[in-house]
Amino acid sequence: MKSLNTLDAVIKRFQSQTPMRATSLVITIYGDAIEPHGGTVWLGSLIKLLEPIGINERLMRTTIFRLTQDGWLMSDKVGRRSYYSLTDPGRRKFKKAFRRVYSSKSAAWDGSWSLILTQQLSPEQRKQLLDELEWQGFGVLSPGLLGSPRANSAEVNSALSLLELSDKVVLFETSAREELLTGKPIRMLVRDSWGLPELGARYQDFIDLFRPMWQELNDNKERDQQACFLARILLIHEYRKLVLRDPLLPEELLPGDWEGRAARQLCRNIYRSLTPHAEQWIAEQLETAEGPLPAASASFYQRFDGLKPQTPRLMTT
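Quick note on numbering: numbering that gives the first Met the number 0 labels position 101 of the sequence shown as 100, and the sequence is numbered without any gaps.
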């Protein structure tokens, strides 16, 4: 991709994974590019879309089959062509995950905490509960105690009911005094309970991988549509993996030099720069049974605090 030299390093990073994470990448593509355009696409056009990354037709067909078997995708046959879209459960999972990826900064924290005493649970039940509540920022504060500074009580109670644990735990709602929010004890507790040094190192790897791309985009204003699409997909693919591990703690509890802030800003800037050209490539390459993909939904342009539709300047040859 001569118009975006730094893309090569990102593609090589993806290809170096063993085994290649094709299933995860297809999930990223549906959430980032296909769902905003109606959610259904012809398999043949999807195959062509990912060939430059090294995902051949055989691997793509195997990946789609697995996602269908696992209940993520469903197919519709029209003549000899197969068109795939998300199932309703798959769509709900996508919305839950990708809302975290593109959302704006969280609301100001009022110092409240949700605490769950789990002494009556077996180790297996405790793990199931934590797996279910990690989405809401819960971490292990001490043996037998889970805590989150940003939980939604209705969703917590729903999770407890789903796992049939409502009568086996004690749920508290409390708040911290303002002077405690910036104190060393609570910051040390947060750092250790949520593994912030390890997560921060992962964010730094993301920054190191994509910062050269941002510099190149600033230096070269001309764009190749295909390169922009591939770069955007791999950008979001890598960022998504980090954000879904991130408890998204309130700013008051994070280090002053928290790498997650810089990573989000970098991702937002690159995404905004690539999107006009990437969207043209999507419109020209992907097909539905009725023809080209529909225009992007209004919600698409709310990503990362707002995207501005514009006509991109094509690369001259």
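Every residue, glycine too, gets a C-beta built ideally from N, C-alpha and C.
| Check | Outcome |
| --- | --- |
| Quick check: R234 and F209, are their CB atoms within less than 8 Å of each other? | Strictly speaking, residue 234 in this sequence is Leu, with Arg absent from that position. Taking 8 Å as the Cβ cut-off, L234 and F209 qualify as a contacting pair. |
| Tell me whether L292 sits in a helix, a strand or coil according to DSSP, three-state version. | coil |
| So is A262 buried or exposed if we call it buried at 16+ other beta carbons inside 10 Å? | buried |
| Note down the Cα distance separating L253 from K95, rounded to an integer number of angstroms. | 24 Å |
| What runs of the alpha helix (DSSP H), each 4 residues or longer, lie entirely inside the stretch 250–288? | 258–284 |
| May I ask which residues mark the beginning and end of the alpha helix (DSSP H) holding T319? | It is not possible to answer for residue 319, since the shown part of the chain is limited to 0 through 316. |
| Quick one: complete alpha helix (DSSP H) runs, 4+ long, within the stretch 214–248? | 224–242 |
| Could I get the ranges of all uninterrupted beta strand (DSSP E) runs contained in the stretch 150–199, with 3 residues as the minimum, in chain order? | 169–174 |
| Rounded to whole angstroms, what is the Cα-Cα separation between L116 and D191? | 19 Å |
| Please name the residue, chosen from A150, K11, G78, that lies closest to W41 on a Cα-to-Cα basis. | G78 |
| Nearest CA to the CA of R149: which residue from K11, R302, T173, G143? | T173 |
| Please return the same chain residues whose Cβ sits closer than 6 Å to the Cβ of T287, not counting the five positions on each side in sequence. | T39 |
| Taking the straight line between their C-alpha atoms, what separation do you get for L45 and S152? | 40 Å |
| Let me know if Q214 comes out buried or exposed under the rule of 16 or more other beta-carbons within 10 Å of its beta-carbon. | exposed |
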